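Student: Here's a structure for you.
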Amino acid sequence: MSAVGEPPLDPATPESRKRRGSPSFLNPSSSSVCSLEKRRRQLECRYIVELAELLSSHMSDILTLSVKPDKCHILKTTVDQIQQLRRREQALLSPDDDVQKSDISSSSQGLAEKEALGPVLLEALDGFFFVVNREGRILFVSENVTSYLGYSQEELMTSSVYSILHVGNHSEFVRNLLPDSLVNGAPWPQESSRRSSRSFSCRMLKRPPDEMDSENQEARQQYEILQCFTVSQSGAALQEGDDPQSCLICIACRAPRAQTVSTESFATKQDPTGKIVSIETSALRAKGRPGWEDLVRRCIYAFFQSQGKEPSHAKKLLHEVMTHGSAISPPYHFSSGDGALLSAQTRCKFCCPPNPEEQPFILGIHSIYR
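In full-length UniProt numbering, the protein residues as written are 1 to 370.
Right under this line is the structure:
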């Protein structure tokens with residue numbers, strides 16, 4: 001089976017006139033280089049098709065197919081969707097950027113070329129893709145793996161995927177990617193139609209800098225958290241005349257980073273009537289953020305401000321605290337001095353000092369979330 005998109009050799013070209021007994025074929029070095037290059041091109045073409053099918057299985061917002069179409073339709077539909085994504089991104093740019101718009105329009109036909117389709121797909125997904133056989137040997141990896149792990153394509157080709165996979169994810173990798181029959185010790189079935197799709201997260205080793213101390217193993221072993229979408233394919237012929245070989249096609253995307261919420265707080269002391277007696281702001285002063293005095297003033301104002309026809313949060317909490325001993329307000333919002341919208345929440349507790357000479361008071365903790 002010839003690779004997708006490979007044109008037949010023209011009988012008039014020098015390549016088509018080469019015979020097995022010609023001098024170029026007798027040169028072991030030249031023959032090996034040509035064979036490896038031909039195999040690489042055919043692998044890339046085949047994996048582009050698998051990549052498009054993988055998108056249809058896991059990325060419903062990119063491609064949804066009710067029936068399995070032919071390869072030409074898969075590639076055409078995928079290219080159409082990517083062009084829509086590009087046009088949507090272009091719409092967010094400045095409307096006066098006519099030059100860039102014309103560049104994107106003039107290059108839309110080039111997306112159909114097999115050399116450009118794979119990188120564009122991976123750019124849209126913010127990930128790289130690789131293929132491993134049943135032993136975990138990497139058969140192919142996209143060139144942009146360097147942007148994610150630091151390794152070059154040549155460094156990872158034919159190496160074991162377990163050498164870059166965190167040891168804590170080895171069993172998960174086998175359980176999620178390999179068929180149940182292989183996990184249980186039985187060989188993979190020979191049906192070429194067997195296919196399964198899965199997704200999971202894993203940690204992959206990043207290439208340490210060359211100048212880093214080799215004895216500091218903890219500093220050298222840094223991992224990238226990736227979200228993987230996979231398709232397992234059994235009985236896949238990688239090249240015409242090869243024995244069917246089972247493989248796993250995987251797209252590895254960066255896992256979304258959890259957004260950290262900055263929290264700041266201060267405390268107030270109120271008498272039983274709700275009047276503020278003192279304000280404790282040492283935690284805010286310790287952070288050294290400029291404008292903390294204005295932040296406290298705005299938060300207290302929002303806490304005591306009436307909510308339309310409803311009483312203020314301060315008045316509601318005062319009633320609950322005097323009744324139940326403690327209370328917590330719902331989140332309320334106010335604007336900082338630079339116009340940023342902040343949210344806050346107040347917890348109050350009724351306190352009775354052990355010294356009878358001291359008056360009971362209400363302790364309020366005001367937490368501000370950026």
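Backbone N, C-alpha and C define an ideal beta-carbon position, used for all residues, glycine too.
It should be emphasised that the depicted structure is a prediction, and the values quoted were computed from it without experimental measurement.
Within 10 Å of its beta-carbon, does Glu310 have 16 or more other beta-carbons around it, so buried, or fewer, so exposed?
Tutor: By the 10 Å Cβ count, Glu310 comes out exposed.
Student: Pop quiz: Phe266 and His366 are said to be a contact at Cβ under 8 Å. What is the actual Cβ separation, rounded to whole angstroms?
Tutor: About 6 Å; that satisfies the 8 Å criterion.
Student: Report the option in Met157, Gly150 and Ser201 whose CA atom is closest to the CA atom of Phe140.
Tutor: Closest option to Phe140, Cα to Cα, is Met157.
Student: DSSP state of Asn133, grouped into three classes?
Tutor: The answer is strand: DSSP assigns Asn133 an E or B state.
Student: If you drop the 5 nearest sequence neighbours on each side, which residues of the same chain put their C-beta closer than 8 Å to that of Asp61?
Tutor: Residue placement at Asp61 cannot be trusted, given a pLDDT of 43 that sits under 50; the coordinates are not used to answer.
Student: Leaving aside the five residues before and after Gly127 along the sequence, list all residues of the same chain whose C-beta is less than 6 Å from its C-beta, in chain order.
Tutor: For Gly127, where only same-chain residues beyond five positions count, the Cβ hits under 6 Å are Ile251, Ala252 and Cys253.
Student: Just the C-alpha distance for Asp271 and Ala340, rounded to the nearest angstrom, thanks.
Tutor: For Asp271 and Ala340, the distance between alpha carbons rounds to 32 Å.
Student: Once DSSP output is grouped into helix, strand and coil, what is the label at residue 371?
Tutor: A query on residue 371 cannot be resolved here, the shown segment of the chain reaching from 1 to 370 and no further.
Student: Would you identify the three-state DSSP class for Arg88, choosing helix, strand or coil?
Tutor: Here Arg88 sits in helix by DSSP.
Student: Assign Gly364 to one of two classes, buried (16 or more other C-beta atoms within 10 Å of its C-beta) or exposed (fewer than that).
Tutor: With 16 or more other Cβ atoms within 10 Å, it is buried.
Student: Given this structure, state the Cα-to-Cα distance separating Glu358 from Ile279, to the nearest angstrom.
Tutor: Distance between the alpha carbons of Glu358 and Ile279 is about 18 Å.
Student: Decide if Cys352 is buried, meaning its Cβ has at least 16 other Cβ atoms within 10 Å, or exposed.
Tutor: Exposed, by the Cβ-count rule.
Student: Residues in the same chain with beta-carbon distance under 6 Å from Glu159, minus the five sequence neighbours each way, listed in chain order, please.
Tutor: Just to set this straight, residue 159 is Ser in the shown sequence, not Glu. Cβ within range, chain order: Ile138.
Student: How would you write the range of the alpha helix (DSSP H) that Cys299 sits in, first residue to last?
Tutor: Note, Cys299: alpha helix (DSSP H), Trp292 to Phe304.
Student: Please return the same chain residues whose Cβ sits closer than 6 Å to the Cβ of Leu318, not counting the five positions on each side in sequence.
Tutor: These residues qualify, in order along the chain: Gly274.
Student: For the candidate residues Tyr223, Pro209 and Ser147, whose alpha-carbon lies nearest to that of His166?
Tutor: For His166, the nearest C-alpha among the options comes from Tyr223.
Student: For Ile164 versus Ser201, is the C-beta spacing smaller than 9 Å?
Tutor: The answer is no: Cβ separation not under 9 Å.
Student: Can you give me the C-alpha to C-alpha distance between Phe229 and Pro208, rounded to a whole angstrom?
Tutor: Looking at the two C-alpha atoms, the distance is approximately 26 Å.
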